[in-house]
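Undergrad:
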Amino acid sequence: MGYSHYMYGNYKEAYQYTRSALEIEPNNEKAQNKFALIYLASGDVKRAINVFMRHMDAPEALNHVGYFLIIQGRPDEAIPYLQQAIDKKRLITKSPMKI
Numbered sequence: 001m002g003y004s005h006y007m008y009g010n011y012k013e014a015y016q017y018t019r020s021a022l023e024i025e026p027n028n029e030k031a032q033n034k035f036a037l038i039y040l041a042s043g044d045v046k047r048a049i050n051v052f053m054r055h056m057d058a059p060e061a062l063n064h065v066g067y068f069l070i071i072q073g074r075p076d077e078a079i080p081y082l083q084q085a086i087d088k089k090r091l092i093t094k095s096p097m098k099i
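Using my numbering, read the sequence shown as starting at 1 and increasing by one per residue.
1) Please classify Y8 as buried or exposed, where buried requires at least 16 other C-beta atoms within 10 Å of its C-beta.
2) Determine the contact status of V51 and Q32, defining contact as a CB-CB distance below 7 Å.
3) Between which two residues does the alpha helix (DSSP H) carrying H64 extend?
4) Starting from the Cα of N10, find the closest Cα among Q84, A78, S42 and give me that residue.
5) Relative to the C-alpha of Y39, which residue among E13, P59, A78 is closest?
6) Could you give the DSSP three-state label for N28: helix, strand or coil?
7) When we look at the beta-carbon of E25 and count the other beta-carbons within 10 Å, is it buried (16 or more) or exposed?
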């Protein structure tokens with residue numbers, strides 16, 4: 001629900017639903033990532049970056065930091081974050097399947 005509200009620009013509702021999800025599962029990286037996106041879309045850049053930086057193991061967080069740096073006109077700084085996101089995603093998708 002939180003992400004749906006985020007996509008429609010209802011950031012207050014998105015914040016409330018995402019906050020509720022994080023109360024149930026505080027270490028959920030995807031929910032944390034969505035939380036940071038809500039902050040970013042609401043104009044609270046500092047909080048968004050702080051949340052992203054706490055979850056740098058997640059490829060999505062690295063990707064979003066890179067994207068943010070690009071839209072801020074800092075593409076050279078974005079490259080290492082984007083490359084790390086790609087590398088981490090490759091590791092995840094190359095994990096051997098257990099049958």
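Ideal Cβ positions, reconstructed from N, Cα and C, are used throughout, including at glycine.
TA: Reading it off the structure:
1) Residue environment: Y8 is assigned as exposed (fewer than 16 neighbouring CB atoms within 10 Å of its CB, all protein chains considered).
2) For V51 and Q32, yes; Cβs fall inside 7 Å.
3) For H64, the enclosing alpha helix (DSSP H) stretches over residues 59 to 71.
4) Among Q84, A78, S42, the Cα nearest to that of N10 belongs to S42.
5) Comparing Cα positions, the closest option is E13.
6) The answer is coil: DSSP assigns N28 none of H, G, I, E or B.
7) With fewer than 16 other Cβ atoms within 10 Å, it is exposed.
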